[in-house]
Every structure is written in structure tokens, then in C-alpha cells.
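The block underneath contains the structure these notes are about, expressed in C-alpha cells.
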Amino acid sequence: MFSIIRTMWLTFLHAFHKRETVQYPEQKNKLTTRWRGRIVLTKDPDMGERCVGCYLCAAACPVDCISLQATEDEHGRRYPEFFRINFSRCIFCGYCEEACPTYAIQLIPDFEMGEYNRQNLVYEKKDLLIDGPGKYPGYNYYNVAGIAIGGKGKGEAQNEEVPVDVKSLLP
Amino acid sequence: MSTPFHPMLIIAGVLGGVLLVAPGLIWVERRLLALWQDRYGPNRAGPFGLFVVLADTIKLFFKEDWIPPFADKFVFVLAPAIVVMTVLLSFVIIPFTPGFIVWDVNIGILFFLAMSSMGAYSIILGGWASNNKYALLGAMRGAAQMISYEVFMGLSMMGVVLHAGSFNLQTIVEAQKDIWYVVPQFVGFMIFFIAGIAETHRLPFDIPEAESELIAGFHSEYSGMKFGMFFVGEYMGITLISAMITCLYFGGWLGPGFLPPIVWFAIKTFTFIGIFILLRASLPRPRYDQLMEYGWKILLPITIVNLMVTAGILLWMEN
Chain A
35 MFSIIRTMWL
45 TFLHAFHKRE
55 TVQYPEQKNK
65 LTTRWRGRIV
75 LTKDPDMGER
85 CVGCYLCAAA
95 CPVDCISLQA
105 TEDEHGRRYP
115 EFFRINFSRC
125 IFCGYCEEAC
135 PTYAIQLIPD
145 FEMGEYNRQN
155 LVYEKKDLLI
165 DGPGKYPGYN
175 YYNVAGIAIG
185 GKGKGEAQNE
195 EVPVDVKSLL
205 P
Chain B
1027 MSTPFHPMLI
1037 IAGVLGGVLL
1047 VAPGLIWVER
1057 RLLALWQDRY
1067 GPNRAGPFGL
1077 FVVLADTIKL
1087 FFKEDWIPPF
1097 ADKFVFVLAP
1107 AIVVMTVLLS
1117 FVIIPFTPGF
1127 IVWDVNIGIL
1137 FFLAMSSMGA
1147 YSIILGGWAS
1157 NNKYALLGAM
1167 RGAAQMISYE
1177 VFMGLSMMGV
1187 VLHAGSFNLQ
1197 TIVEAQKDIW
1207 YVVPQFVGFM
1217 IFFIAGIAET
1227 HRLPFDIPEA
1237 ESELIAGFHS
1247 EYSGMKFGMF
1257 FVGEYMGITL
1267 ISAMITCLYF
1277 GGWLGPGFLP
1287 PIVWFAIKTF
1297 TFIGIFILLR
1307 ASLPRPRYDQ
1317 LMEYGWKILL
1327 PITIVNLMVT
1337 AGILLWMEN
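Shown next, in the form of C-alpha cells:
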């Protein structure tokens, strides 16, 4: 009997406690920079697409929501012909971001993607691509990769030496 | 006792008041529960979220009103009407202010007891007609609970009747001019309160509709406005028990003169409604056999002892 009254009293005291509710549309929780939300495709500092169409994100995706087709431009630079993410399937696990070798695909702290039409949740490349480097400001994949593309030959990348011609005997 | 009000006015006032308060309690309950759980509760629609009542009502009206093909149709429809009918009829004998009473009858309390016993029928019939094992289990529990708690609900009120010497609620309230009956009849008050919770099958005694065990108990199969009737009936039951407690133990409309009697009555009634909701917010549901044991082995003896002691003291004081 005493414990019942004590319980009721303690419950009553909760009337004067701080509210736990976050009044969502007006107040918003602070999302940290690592928050896994909407997926974007980022660009190099010199505005070239980072994505090289390696399909690793699509392979890593546990729900198979990423679909893309790689192609190559006249400079030998690979890029996705289309890049499609079905956000009605996406579970925001972030595996694609971890799999990406070029830091192209990134999850950003934004979750307000509500749509009335389910088809609108399928994001095409134009919806995904942003004009910026995202979380890795200075990173330029082709400047650190050894592959030769138009305007950059073998050995011209950063921290790279011109390759040795093994066929020549000259020192 | 003659009344200064026109009878039709009284009926309209009581009916309108009760039917306004009952859905209003949806909002009150949700806000209060939220208050005690560190939340806000409904606060979007209208001022303080008051329009949630409207939204809920409209939702209930437009929901599919489905009668299961395996149900006994006639009884299935009848059951929710009974609960509302009996509770509304019970309000007939509640004196809200001096003279503002629909039926000033000398068997007031007996009428109340009769009507609340009739309320058990709605649960039994509803559960039986649903032709569903959970509904039937809920109905059986409800029937057992209401019958066993009614026994000492009636007995606990007899202490007040002994003091006042009348079954008429108006006389009882007026007899409390000097001292509220909660002082001499504190045990009776506690027992009546507990029995009242069981009678309206509110938490912690909501065993007939225990969600975690029986889905929704006797009204599992009900939807739409038929469910709404059970719902409203329950809220009206809370109001009724609160009003009865106010009349029997807390001096009804009596209070310092700076507020009109109806305001005192409303304040007291709503305090008890608040306590009902606080009980829901704080206490877990007992096991079914615990509930029965508690009723028959503890509360019933206490009630009888209380009644005998009250009668003895009153007789001793008379001599």
C-alpha cells in the first residue's frame, strides 16, 4: 500500500520534470557530421566527377538499391553513365561509403526526404551529384592515382616518380 | 424536494455535460499521461491540442464499422449500446447542485448499483457475441471482476448510508454540511475508490481488456463507432465514479461560498478523474488471480468490519 502511494507520488512529480520531446518541425536535433543520411555523389576540387564506376558500392549494398553503368570519356577517364539509388530500399548502412575507393559516394546528415509518390524516391545522377568535395576537401582521385588519363601521363601524379623503363640498360 | 429548474433543462444539461466531458476526457487523459511521462501529448491541433477530440471523433465515425461474419449480429450491436445506456442512466441520480438532479429518488444509491451491475452485461454480451476466444476470455474476466467488486462496492457505501440515514444522494450531500464523510468513512472511501476503478475496468484493474494478454479483451472485434461507444462508456464511467465519490465522501457541491456549487462539484470530480489517470500512469496491472484474491480475501473482510464498526459506533452514540 505504501509503495503504491509512493509510486503515484513519484509519477506525479514527473509533471515538473523537463520534457523529453523534441518539437520536431520547429526544434531539430543536431545531427553530427558522421550522421548517415541522404547519399550524395561528390566531385573533385577541380569539379571532375569522383566516381569511377567501379561497382564496389553496388556490390557492397546489402539491399541492392544502387544501380549504375560505367563508361569512359575521350580522355580515358571513367565515370558512371547513369547512377541510380532507390531510397525507398536504402537502409542507410553506409557500406557504399566504406566501399568507395575514391570517396565519391558519401552519406550526409540529412534525412528529410519525404515524398508523396514512391517513384520520387528513386534518385538519378542529377539528384545525387553535388558541386563539392564533401567530407574530403582536398582529395582528387586522378591526381593521386597511377592511371594515365588525358592531360596526365604515367608518373605525373602526386608523390609519383616517372616509371623506370625496364627494357633499357642505361642507368 | 422541489427544484428551481425546469426538468427538461436539467436533462439537457446533464446529458450535454456528460456527453461533452466524456470525449473531452480523451484529451485530458492523453495530456495528463504525457505530463507524467515527460512528454507533451497532443498539442498541435487547435489550442493546446484540443481539436484532437474532434479529430478522434471524426475518425471513429468514418472508420469501417465491421461486424465479423462469425459474430452474433444482434447481440454484437446491442452490447456497446448497453454500456452507454447504463452509465447515462446512472447519472440520473447524481445531484450536481442543489435541485439540479434529474430524478430525485429515495433509492438513489441502489439505482446506481443496479445500473452499474447492468453495465457488466455489455462486457459479457460483447465478448460472447464476438465469438472470439480472446474476447470471451476478456468478457469472463470482466464478469468475474465486476461481480466480485460490486459486492463490497455496495457494502462500502452502506457506511455513508448509515451516517446519513438515506439512500437519496441529495440528502447524503446535505448531511455532509458539518464534516465530509471521507473523515469518518475513510476506509469506506478507499474501498469504494478501489472498487470504482475495478467497476470501470480502468488501469490497474483493466484486466478484461488487458492489451498484453488479450489484445483488447472483450472489444477485440469492435471497430468504428461501436468501439467508440465502449470507449465513451468507459470515460463516462470514470466521470460517474468520480461524481459518486464526490457526492458520497467529499460533500458534493458543498464548499466555501466564493465559488458557485457547480464549480465545486466540477473541481472535486475532475480531481478524482485526475487521480484515475494518475493511477493509470503509475501502476502496473496485477495478475488475474491476485486481483480476485485481493478482492475477496482482503477488501471484503475490511468492508464488512468497517460496516459493523460504523454501525456499532452510530448505535453507541445514539444511546
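So the sequence lines, in the order shown, correspond to chains A and B.
Per the numbering used here, residue 35 is the first one in the first sequence, and the count goes up by one each step.
Per the numbering used here, residue 1027 is the first one in the second sequence, and the count goes up by one each step.
Here a beta-carbon is modelled for each residue, glycine too, at the ideal position from N, C-alpha and C.
Since we're looking at a predicted model, the values are computed, not measured.
Residue pairing of residue 1123 (chain B) in beta bridges, as defined by DSSP: B:1126. Relative to residue 176 (chain A), the option among A:76, A:136, A:125, A:99 whose CA is nearest is A:136. Restricting attention to alpha helix (DSSP H) runs no shorter than 4 residues, the segment 125-180 of chain A encloses them at 129-133, 159-162, 175-178, ordered along the chain.
Checking the DSSP bridge columns, you'll see residue 101 (chain A) partnered with A:118. Distance from the CA of residue 1335 (chain B) to the CA of residue 1186 (chain B), rounded to the nearest whole angstrom, comes to 12 Å.
Sequence-distant Cβ neighbours of residue 1254 (chain B) in its own chain, meaning closer than 7 Å and more than five residues away, are 1086. Between residue 109 (chain A) and residue 130 (chain A), the alpha-carbon positions lie close to 27 Å from each other.
Under DSSP, residue 74 (chain A) shares a beta bridge with A:140. Under the three-pair Cβ rule at 8 Å, the segment 1118-1135 of chain B counts as touching the segment 1279-1289 of chain B. Under DSSP, residue 112 (chain A) shares a beta bridge with A:106. Neighbours of residue 46 (chain A) in chain B, taken as residues at a C-beta separation under 9 Å, are given in chain order as 1062, 1304, 1307, 1308. Using a Cβ-Cβ cut-off of 9 Å, residue 1313 (chain B) does not count as an interface residue toward chain A, since no Cβ of chain A sits closer than that to its own. By the beta-carbon neighbour count (other beta carbons within 10 angstroms, threshold 16), residue 1215 (chain B) is buried. A buried status is given to residue 1207 (chain B), since no fewer than 16 other beta-carbon atoms sit within 10 Å of its beta-carbon.
The beta carbons of residue 1128 (chain B) and residue 1263 (chain B) sit about 18 Å from each other, so the pair does not count as a contact at 8 Å. For residue 1056 (chain B), no CB of chain A lies under 9 Å from its own CB, so it is not counted at the interface with that chain. With a 10 Å radius around the Cβ and a threshold of 16 neighbouring Cβ atoms, residue 1034 (chain B) comes out exposed.
Between the C-alpha atoms of residue 51 (chain A) and residue 37 (chain A) there is a straight-line separation of about 21 Å. Note: residue 190 (chain A) is not bridge-paired with any residue in the DSSP secondary-structure output.
None of the residues of the segment 1163-1183 of chain B has a beta carbon lying less than 8 Å from any beta carbon of chain A. Residue contact with chain A for residue 1065 (chain B): present (Cβ-Cβ distance below 9 Å to some residue of chain A).
In the structure shown, the three-state DSSP call for residue 1271 (chain B) is helix.
For the segment 36-63 of chain A, the set of positions with a beta-carbon nearer than 8 Å to some beta-carbon of chain B reads 38, 41, 42, 44, 45, 46, 48, 49, 51, 52, 53, 54, 55, 57 in chain order. Contact annotation: residue 1102 (chain B) and residue 1247 (chain B) have beta-carbon atoms nearer than 9 Å. Rounded to whole angstroms, the gap between the alpha carbons of residue 97 (chain A) and residue 126 (chain A) is 10 Å. The C-alpha of residue 165 (chain A) lies about 31 Å from the C-alpha of residue 195 (chain A). When DSSP states are grouped into helix, strand and coil, residue 1233 (chain B) belongs to the helix group. Taking the C-beta atoms as reference points, residue 1213 (chain B) is found no nearer than 9 Å to residue 1277 (chain B). Per DSSP, residue 1314 (chain B) is one residue of the alpha helix (DSSP H) stretching across 1314-1319. With 16 or more neighbouring CB atoms inside 10 Å of its own CB, residue 1119 (chain B) falls in the buried class. With fewer than 16 other Cβ atoms from the protein chains shown falling within 10 Å of its own Cβ, residue 1293 (chain B) counts as exposed. The alpha carbon of residue 105 (chain A) has as its nearest neighbour, out of A:95, A:99, A:89, the alpha carbon of A:89. Closest in alpha carbon position to residue 1070 (chain B), among B:1080, B:1044, B:1063, is B:1080.
Burial check for residue 1252 (chain B): the Cβ neighbour count within 10 Å reaches 16 or more, so the residue is buried. Going by beta carbons, residue 68 (chain A) and residue 143 (chain A) fall inside the 9 Å limit. Counting every other CB atom within 10 Å of its CB across the protein chains shown gives residue 66 (chain A) a total below 16, marking it as exposed.
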